[in-house]
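Number of protein chains: 2
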Amino acid sequence: MVASAAELVRRNGIAGTGFRDVVEHSGTPRGSISHHFPGGKRQMVSEAVRLSGAHAATIMSHAEQDGPAAALAEICNVFRRSLVATDYAAGCPVGAVAQEGWREPELREAASEVFDEWRRILRGLMRERGWSEERAEDMADLAVCAFEGALLMCRIDRSTAPLDHVEHLLGPMLEAG
Amino acid sequence: MVASAAELVRRNGIAGTGFRDVVEHSGTPRGSISHHFPGGKRQMVSEAVRLSGAHAATIMSHAEQDGPAAALAEICNVFRRSLVATDYAAGCPVGAVAQEGWREPELREAASEVFDEWRRILRGLMRERGWSEERAEDMADLAVCAFEGALLMCRIDRSTAPLDHVEHLLGPMLEAG
DNA sequence: GTGCTTCTATGACGCGAGTCATAGTACGGC
DNA sequence: GCCGTACTATGACTCGCGTCATAGAAGCAC
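Here you go:
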């Protein structure tokens with residue numbers, strides 16, 4: 001159910017994702033919404049964001065031993081495949097929450113933690129490559145920002161070019177301190 | 178009225194911005210909505226995006242003679258001031274449409290044109306600095322992606338640090354081919 | 001089997017949204 | 001003075017949403 005919510009939020013945003021859509025998409029019973037999510041929609045979206053964030057973090061960690069550029073390439077590949085497979089409907093659920101749900105403290109905090117973990121992973125990989133703490137932090141910020149922005153722009157362009165360019169330019173930068 | 182719509186969409190997104198909010202914020206008569214916007218909400222948001230996009234384009238153009246880094250710095254400064262002045266409520270209306278309104282062809286096209294113009298401006302400035310056509314295109318993509326992503330992340334972090342980092346890292350890159 | 005907890009089914013409720021119809025007003029050309 | 005056009009006022013209508021209340025079913029300890 002949380003996975004379905006994440007998938008639908010990716011595509012349609014928070015406001016565009018209703019409980020009715022979620023139960024239909026997941027095949028779960030409708031009557032148990034308020035039982036599993038006593039916190040209502042906020043809770044469901046919050047959990048969906050954390051799930052997606054953790055998923056992305058493990059993807060990056062898979063390429064951990066190959067350095068920061070490989071981690072970026074890996075996550076870009078996954079999202080690029082999602083984009084083309086869904087005809088550019090699937091963006092990033094965390095970005096969706098950052099855009100629509102930032103007023104809700106619960107959602108803002110969930111997104112914040114996800115972004116922090118992503119940056120922490122990249123920072124760690126860059127430090128292993130000999131980056132200074134400060135430069136690693138700045139660069140990790142840049143990478144995550146560019147990645148999120150690229151997902152936005154890919155949908156608008158109906159093309160993976162922005163993501164390709166971001167990966168192509170940022171990859172070498174992440175390696176060489 | 179369009180300006181008010183742009184301002185409200187920046188803050189609350191499309192779904193979070195109703196006609197009632199717009200007429201209240203702008204002080205315009207409520208009864209004339211369907212007269213001025215026969216295309217409904219879509220039309221209003223579309224015009225708001227184009228207005229904001231043109232506004233940002235003129236801001237970048239003001240620093241035109243000082244090169245691409247100055248143009249980026251200028252637009253970053255404007256949005257940074259908006260962020261702190263509104264306690265991190267004001268994001269980018271174009272980004273909001275890219276996230277929420279991309280399914281509506283009219284909105285998608287409006288956002289697409291705005292992004293294209295921004296990239297075109299940056300590309301032109303970089304070509305003047307001796308960049309190759311291909312590298313200039315890639316780099317312009319990266320700059321706009323990182324900028325949009327930074328606005329997202331600034332709201333979540335409640336800090337201008339992501340935007341600062343993007344500007345500091347990207348500025349020198351835009352100058353030196 | 002009985003009773004308790006956990007989960008599911010169904011539907012009603014209230015709210016706020018976008019839209020639209022109808023009526024009213026201001027104003028300029030002739 | 002008259003009329004056509006441009007704009008405004010008001011409110012009703014429908015629709016879909018999140019939420020909640022109530023009732024029913026399944027599993028399980030004893």
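Chains as they are written, first to last, in the numbering used here: chain A, 1 to 177; chain B, 178 to 354. All C-beta atoms in this analysis are idealised placements derived from N, C-alpha and C, irrespective of residue type, glycine included. In this text, all values refer to a predicted model and were calculated from it rather than measured experimentally.
Taking Cβ-Cβ distances below 8 Å as the criterion, which residues of the region 131 to 157 of chain A are in contact with chain B?
Residues Glu137, Asp138, Met139, Asp141, Leu142, Val144, Cys145, Ala146, Phe147, Glu148, Gly149, Ala150, Leu152, Met153, Arg155, Ile156, Asp157.
How would you write the range of the alpha helix (DSSP H) that B:Pro245 sits in, first residue to last?
Locating residue 245 of chain B in the second sequence gives position 68, counting from the first residue. DSSP places B:Pro245 in the uninterrupted alpha helix (DSSP H) bounded by 245 to 262.
Reference B:Ile353, options B:Arg312, B:Phe324, B:Ala240, B:Gly326, closest by Cα
In the second sequence, residue 353 of chain B corresponds to position 176, counting from 1. The question names Ile, but residue 353 of chain B in the sequence shown is Ala. Checking every option, the nearest Cα to that of B:Ala353 belongs to B:Arg312.
CA nearest to the CA of A:Pro68, picked from A:Cys154, A:Met153, A:Glu148, A:Val144
Within the first sequence, the letter at position 68 stands for residue 68 of chain A. Nearest option by C-alpha distance: A:Val144.
So which of B:Leu340, B:Ala248, B:Glu224, B:Gly278 has the shortest CA-CA distance to B:Ala192?
Within the second sequence, residue 192 of chain B is the residue found at index 15, counting from 1. For B:Ala192, the nearest C-alpha among the options comes from B:Gly278.
Check whether the Cβ of A:Glu100 lies closer than 8 Å to any Cβ atom in chain B.
In the first sequence, counting from the first residue as 1, residue 100 of chain A sits at position 100. Chain B places a beta carbon closer than 8 Å to that of A:Glu100, counting this residue as a contact.
Can the beta-carbon of B:Thr248 be found closer than 8 Å to that of B:Leu319?
Start at 1 with the first residue of the second sequence, and residue 248 of chain B comes out as number 71. Start at 1 with the first residue of the second sequence, and residue 319 of chain B comes out as number 142. For the record, residue 248 of chain B in the displayed sequence is Ala; it is not Thr. Not a contact, by the Cβ cut-off of 8 Å.
B:Val186 versus B:Trp308 - alpha carbon distance
For this step, residue 186 of chain B is matched to residue 9 along the second sequence. For this step, residue 308 of chain B is matched to residue 131 along the second sequence. Our two residues, B:Val186 and B:Trp308, have alpha carbons roughly 36 Å apart in a direct line.
Between the region 21 to 28 of chain A and the region 81 to 96 of chain A, are three or more C-beta pairs nearer than 8 Å?
No, because fewer than three Cβ pairs between the region 21 to 28 of chain A and the region 81 to 96 of chain A fall closer than 8 Å, the two stretches do not touch.
Kindly say whether B:Leu249, judged by its beta-carbon, lies nearer than 8 Å to any beta-carbon of chain A.
Numbered from 1 along the second sequence, position 72 holds the residue referred to as residue 249 of chain B. By the rule that beta-carbons nearer than 8 Å mark a contact, B:Leu249 does not touch chain A.
Is any beta-carbon of chain A found at less than 8 Å from that of B:Leu346?
Counting from one through the second sequence, the residue named residue 346 of chain B turns up at place 169. So, interface residue.
Do you know whose CA, among A:Cys76, A:Val22, A:Ala56, lies nearest A:Ala161's CA?
By 1-based counting over the first sequence, the position of residue 161 of chain A is 161. Considering only alpha carbons, the answer is A:Cys76.
Endpoints, alpha helix (DSSP H) assigned at B:Trp308:
Taking the first residue of the second sequence as position 1, residue 308 of chain B is located at position 131. Careful: B:Trp308 lies outside any alpha helix (DSSP H) and carries neither H nor E.
Just the Cα atoms here: how many angstroms apart are A:Asp66 and A:Glu128?
Looking up residue 66 of chain A in the first sequence gives position 66. Looking up residue 128 of chain A in the first sequence gives position 128. The straight-line gap from Cα to Cα measures roughly 11 Å.
Runs of alpha helix (DSSP H) wholly within the region 94 to 129 of chain A (minimum 4 residues, chain order):
Those alpha helix (DSSP H) runs which fall completely within the region 94 to 129 of chain A and span 4+ residues are 105 to 128.
If I measure Cβ to Cβ from B:Ala266 and keep anything under 6 Å in the same chain, skipping five residues before and after, which residues do I get?
The residue given as residue 266 of chain B occupies position 89 in the second sequence. Only Arg188 meet the Cβ criterion.
So that I know if they touch, is there some Cβ in chain B lying closer than 8 Å to that of A:Pro105?
Your numbering for residue 105 of chain A matches position 105 in the first sequence. Answer no: the Cβ-Cβ gap between A:Pro105 and chain B never drops below 8 Å.
Can you tell me whether B:Asp325 is buried or exposed, with buried defined as 16 or more other CB within 10 angstroms of its CB?
Taking the second sequence and counting its residues from 1, the one referred to as residue 325 of chain B is at position 148. Per the sequence presented here, residue 325 of chain B reads as Glu, with Asp not at that position. Its Cβ being crowded by 16 or more others within 10 Å, B:Glu325 is buried.
With H, G and I counted as helix, E and B as strand and the rest as coil, what does DSSP make of B:Pro349?
Sequence index remark: in the second sequence, residue 349 of chain B carries index 172 (1-based). Helix, per DSSP.
Whether or not the region 285 to 297 of chain B and the region 153 to 171 of chain A are in contact is what I'm after, with contact meaning three or more pairs of Cβ atoms, one per stretch, closer than 8 Å; do they touch?
Short answer: they touch.
Tell me, to the nearest whole angstrom, how far the beta carbon of A:Ala48 is from that of A:Ala5; I am working on the premise that it is less than 8 Å.
For the purposes of this step, residue 48 of chain A is identified with residue 48 of the first sequence, where counting begins at 1. For the purposes of this step, residue 5 of chain A is identified with residue 5 of the first sequence, where counting begins at 1. About 4 Å separates the two Cβ atoms, so the contact holds.
Taking C-beta pairs closer than 9 Å, name the residues in chain B that A:Arg108 reaches, listed in chain order.
To locate residue 108 of chain A, count along the first sequence from 1; it is residue 108. For A:Arg108, the chain B residues whose Cβ falls inside 9 Å of its Cβ are Arg332, Ile333, Arg335, in order along the chain.
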